[in-house]
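Number of protein chains: 2
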Amino acid sequence: MNYSRQRELIYKTVVENPIHPTADTVYAIVRAQEPNISLGTVYRNLNLLSQQGLLQKICLPNASDCFDGRCDEHHHMLCTHCGKVFDLPFTLKLEELKKQAGAFPGFLITGCQILFHGLCAECRGKH
Amino acid sequence: MNYSRQRELIYKTVVENPIHPTADTVYAIVRAQEPNISLGTVYRNLNLLSQQGLLQKICLPNASDCFDGRCDEHHHMLCTHCGKVFDLPFTLKLEELKKQAGAFPGFLITGCQILFHGLCAECRGKH
DNA sequence: ATAGAAACAGAAATCATTACTGTTTTTAAA
DNA sequence: TTTAAAAACAGTAATGATTTCTGTTTCTAT
């Protein structure tokens, strides 16, 4: 993977904006500094970076994929009302869970994503 | 929700084919019995049925949404090589996990989806 | 320097999914 | 039973996210 100014900018944008931006949001932010960047470049690099393990791609129900600059093991909570994604601010105890999953004969588990859903504090206040 | 022959057929197809079919796969199966059914009808009903809690819609990375006729609490394993989705044949112990997530101030948790990924037995054999 | 590989911008294409339109089916009440 | 309103349908068009294509520019390792 060769260096490119665009890729660095895309990477920094995701890491410095911990709002779990979609490709389109990254594109909007990045264009302020790099007006001619193309949306295809944003998609290509977000995918490359997440394949390399430098970003995490998060797949959400009924919404565009979004990206997370945190790559340590952590999980997410989706507010089904406003659509925002939050990092859970603690480490879940997954050892037992992984042990159970690993016991399924023949499988080789390489990872696990956990997505809680519900209402965030703000949306909860409004209902 | 009124009765319709098409909806019943779509529902039965998902329940009787525990392969986690996509809308397109359901469409292909259903067309054998109902040649003029339209893809829009399949999508509409799969969404209705999962909103009603009669089916579960599963959102996967880099793939179409798929559907599961099992609606008890259970979780999935995605083979990153062949793309197949498997039901985990046991109940994970999520009480502790939910307690932790519920402790995040202000949030109201209504559900949780867990997706393991890795290699299934068959794909593992080939590598 | 320079040549080959990688990356780019911009545009077109693809794929999954949803929305629209006019017709048929269902349902509940007259 | 009719019948009228609501719901659902088929078929098609539209949308939105994402990927692919093409010709040009930028990196990088000699």
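Those sequence lines, one after another, are chains A and B.
In this text, residue positions in the first sequence follow this note's numbering: the first is 53, and each later residue adds one.
In this text, residue positions in the second sequence follow this note's numbering: the first is 53, and each later residue adds one.
By construction, the Cβ of each residue, glycine as well, lies at the ideal position given by its N, Cα and C atoms.
Straight-line gap, residue 110 (chain A) to residue 54 (chain B) (C-alpha atoms, nearest Å): Counted from its first residue, the first sequence places residue 110 (chain A) at position 58. Counted from its first residue, the second sequence places residue 54 (chain B) at position 2. When rounded, the distance between both Cα atoms is 36 Å.
Got a sec, what are the start and stop residues for the alpha helix (DSSP H) residue 154 (chain B) sits in? As a working note, residue 154 (chain B) is residue 102 in the second sequence. First-last of the alpha helix (DSSP H) with residue 154 (chain B): 147-154.
Short Cβ contact (8 Å threshold) for residue 98 (chain A) with residue 71 (chain A): Counted from its first residue, the first sequence places residue 98 (chain A) at position 46. Counted from its first residue, the first sequence places residue 71 (chain A) at position 19. Between residue 98 (chain A) and residue 71 (chain A), the C-beta spacing is not below 8 Å.
If you pair each beta-carbon of the stretch 162-176 of chain A with each one of the stretch 127-135 of chain A, do three or more pairs fall below 8 Å? As far as the Cβ criterion goes, the stretch 162-176 of chain A touches the stretch 127-135 of chain A, which means the pair count is three or higher.
Just reading off the alpha helix (DSSP H) that residue 175 (chain A) is part of, what are its end residues? The sequence position of residue 175 (chain A) within the first sequence is 123, counting from 1. DSSP places residue 175 (chain A) in the uninterrupted alpha helix (DSSP H) bounded by 173-177.
In three-state terms, what does DSSP make of residue 132 (chain B)? Position 80 of the second sequence, counting from 1, holds the residue named residue 132 (chain B). Coil at residue 132 (chain B), not helix or strand.
Through-space distance from residue 101 (chain B) to residue 108 (chain B), alpha-carbon basis: In the second sequence, counting from the first residue as 1, residue 108 (chain B) sits at position 56. In the second sequence, counting from the first residue as 1, residue 101 (chain B) sits at position 49. A direct Cα-to-Cα measurement between residue 108 (chain B) and residue 101 (chain B) gives close to 8 Å.
Compare the Cα-Cα distances from residue 95 (chain A) to each of A:116, A:159, A:85 and A:152 and report the closest residue. Translated into positions along the first sequence, residue 95 (chain A) becomes position 43. Answer by Cα proximity: A:116.
Is the shortest distance between the beta-carbon of residue 72 (chain B) and the beta-carbons of chain A less than 8 Å? Residue numbering aside, residue 72 (chain B) sits at position 20 when the second sequence is read from its first letter. With 8 Å as the cut-off, residue 72 (chain B) does not count as an interface residue toward chain A.
Which residue wins for smallest C-alpha separation from residue 81 (chain A), given the options A:93, A:123 and A:66? Here residue 81 (chain A) corresponds to residue number 29 of the first sequence, with the count starting at 1. Relative to residue 81 (chain A), the option among A:93, A:123 and A:66 whose CA is nearest is A:66.
Interface partners of residue 169 (chain B) on chain A, CB under 9 Å: As a position in the second sequence, residue 169 (chain B) is number 117, starting the count at 1. Simply 161, 162, 163, 164 and 165.
Anything in chain A within Cβ reach of residue 129 (chain B), meaning under 8 Å, just list it in chain order. Taking the first residue of the second sequence as position 1, residue 129 (chain B) is located at position 77. Result: 153, 156, 159 and 161.
Taking DSSP as the reference, what is the three-state secondary structure of residue 85 (chain B)? As a position in the second sequence, residue 85 (chain B) is number 33, starting the count at 1. When DSSP states are grouped into helix, strand and coil, residue 85 (chain B) belongs to the coil group.
Counterpart residues of residue 118 (chain B) in DSSP-defined beta bridges: Position 66 of the second sequence holds residue 118 (chain B). Residue 118 (chain B) pairs with B:74 and B:110.
Indicate whether residue 123 (chain A) and residue 73 (chain A) have their beta-carbon atoms separated by less than 8 Å. Locating residue 123 (chain A) in the first sequence gives position 71, where the first residue counts as 1. Locating residue 73 (chain A) in the first sequence gives position 21, where the first residue counts as 1. Residue 73 (chain A) is positioned such that its CB atom lies no closer than 8 Å to that of residue 123 (chain A).
Between the CA atoms of residue 155 (chain A) and residue 91 (chain B) - distance to the nearest angstrom: Translated into positions along the second sequence, residue 91 (chain B) becomes position 39. Translated into positions along the first sequence, residue 155 (chain A) becomes position 103. When rounded, the separation of the alpha-carbon atoms in residue 91 (chain B) and residue 155 (chain A) is 39 Å.
How far does the beta strand (DSSP E) with residue 159 (chain A) in it extend, from its first residue to its last? Locating residue 159 (chain A) in the first sequence gives position 107, counting from the first residue. First-last for residue 159 (chain A): undefined, no H or E at that position.
Taking only the alpha-carbon atoms, compute the straight-line gap between residue 58 (chain B) and residue 140 (chain A) and give it to the nearest angstrom. Taking the first residue of the second sequence as position 1, residue 58 (chain B) is located at position 6. Taking the first residue of the first sequence as position 1, residue 140 (chain A) is located at position 88. A straight-line Cα-Cα distance of about 42 Å links residue 58 (chain B) and residue 140 (chain A).
Any heavy atom of the ligand ADP closer than 7 Å to the beta-carbon of residue 98 (chain A)? The model depicted lacks the ligand ADP and carries no ligand whatsoever.
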